[in-house]
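Notes to accompany the following structure.
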Amino acid sequence: MKKISALIAILMLFTCTVVTAQTAEGLPVSNETQKILYTEVIKVTDNSGKAVIYDRAFSWAQTNKYRITQMDKTNGVMTCEGSFPVTYPGPRVGMNDNGVVKFIVTINAKDGRYKYDITNFKHEGGKGKGNGGALELKSAECGKFVLPDGGWAKIKKDTAAKMKEIINDMQLSISPAGEAPVKSDW
Numbered sequence: 045m046k047k048i049s050a051l052i053a054i055l056m057l058f059t060c061t062v063v064t065a066q067t068a069e070g071l072p073v074s075n076e077t078q079k080i081l082y083t084e085v086i087k088v089t090d091n092s093g094k095a096v097i098y099d100r101a102f103s104w105a106q107t108n109k110y111r112i113t114q115m116d117k118t119n120g121v122m123t124c125e126g127s128f129p130v131t132y133p134g135p136r137v138g139m140n141d142n143g144v145v146k147f148i149v150t151i152n153a154k155d156g157r158y159k160y161d162i163t164n165f166k167h168e169g170g171k172g173k174g175n176g177g178a179l180e181l182k183s184a185e186c187g188k189f190v191l192p193d194g195g196w197a198k199i200k201k202d203t204a205a206k207m208k209e210i211i212n213d214m215q216l217s218i219s220p221a222g223e224a225p226v227k228s229d230w
């Protein structure tokens, strides 16, 4: 009986850990920083060198018009800021508002593989009003009367969907032509 109780306690602890690793909107949250974090190590199937992987990542960032904030080809590190538009229900029934979600991408290249981290997600309302702030917040920073909870939830849901597209595009751009990326250890 004690063994069963211990097993149930361990399973409940594991379940609680998994639940805190992802928000209801499908956004992964780092247990360490409590910030939304997309991260993965990808093995490049052609065993390209660090410089080639870096160049592919740099080209991907430029193609998507991301603002490059750090370029260190020697160490294989590139950081850029990206954004995408969002449309969501505003405070007036039947009216939509527009804004952007901004984020930061860091790519670390090594021979034969790379690691990406995408974090610092922040909503900015159109025309400088209705800034929701960090997407980790339960409610928008600007308040429920400016950006209602329904609009805030839609921004988060749309962010999760858009990140799947962005990550897929990044992986296909950095991988050799026509080859699917392979997950790996850093």
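Residue 45 is where the sequence shown starts when you use the working numbering, and the numbers rise one by one after that. All C-beta atoms, glycine included, are put in the ideal place defined by N, C-alpha and C.
From the options, residue whose alpha carbon lies closest to that of residue i
i, options, result
"Thr203", "Val96, Ser74, Leu81", "Leu81"
"Gly126", "Ser183, Lys182, Tyr110, Lys159", "Tyr110"
"Gly70", "Ala153, Glu180, Asp213", "Glu180"
"Asp155", "Cys124, Thr83, Thr118", "Thr118"
"Pro129", "Pro220, Asp213, Lys200, Met214", "Lys200"
"Thr83", "Met139, Met214, Ser219", "Met214"
"Gln114", "Thr107, Asn108, Cys124", "Cys124"
"Asp141", "Glu76, Gln78, Ser92, Lys198", "Lys198"
"Asn164", "Val137, Gly174, Val88, Lys146", "Lys146"
"Tyr160", "Ile210, Glu76, Thr89, Thr77", "Ile210"
Boundaries (first-last residue) of the beta strand (DSSP E) holding residue i
i, result
"Arg111", "111 to 116"
"Thr83", "82 to 87"
"Lys159", "157 to 169"
"Asn140", "140 to 154"
Where residue i falls: helix, strand or coil (DSSP)
i, result
"Thr131", "strand"
"Asn212", "helix"
"Ala178", "strand"
"Ala184", "coil"
"Val62", "Low per-residue confidence applies at Val62: pLDDT is 35, beneath 50, and the placement is therefore not dependable, though the value from the model is reported in the following sentence. Correct three-state label for Val62: helix."
"Met56", "Low local confidence applies: a pLDDT of 39 at Met56 is under 50, so the model's placement there is unreliable, with the coordinate-based value given in what follows. In this structure, Met56 counts as helix in the three-state DSSP scheme."
"Thr77", "coil"
"Gly120", "coil"
"Gly126", "strand"
"Ser49", "Residue confidence is low: Ser49 scores 41 on pLDDT, short of 50, so the model does not pin down where it sits. Its coordinate-derived value is still stated next. If DSSP states are grouped into helix, strand and coil, Ser49 belongs with the helices."
Range covered by the alpha helix (DSSP H) that runs through residue i
i, result
"Arg100", "94 to 107"
Integer-rounded CB distance, given that residue j should sit under 8 Å from residue i
i, j, result
"Pro135", "Phe189", "6 Å"
"Ala105", "Ile112", "6 Å"
"Met207", "Ile162", "7 Å"
"Ala95", "Tyr158", "12 Å between Cβ atoms; not a contact."
"Ile86", "Met122", "Going by Cβ atoms, the distance from Ile86 to Met122 rounds to 15 Å, so no, they are not a contact pair."
"Gly194", "His167", "Incorrect: roughly 14 Å between the Cβ atoms, too far for contact."
"Gly172", "Leu191", "The Cβ separation is near 13 Å, so there is no contact."
Proximity test, Cβ basis, 8 Å: residue i and chain C
i, result
"Trp104", "In summary, chain C is missing from the structure at hand, where a single protein chain is found."
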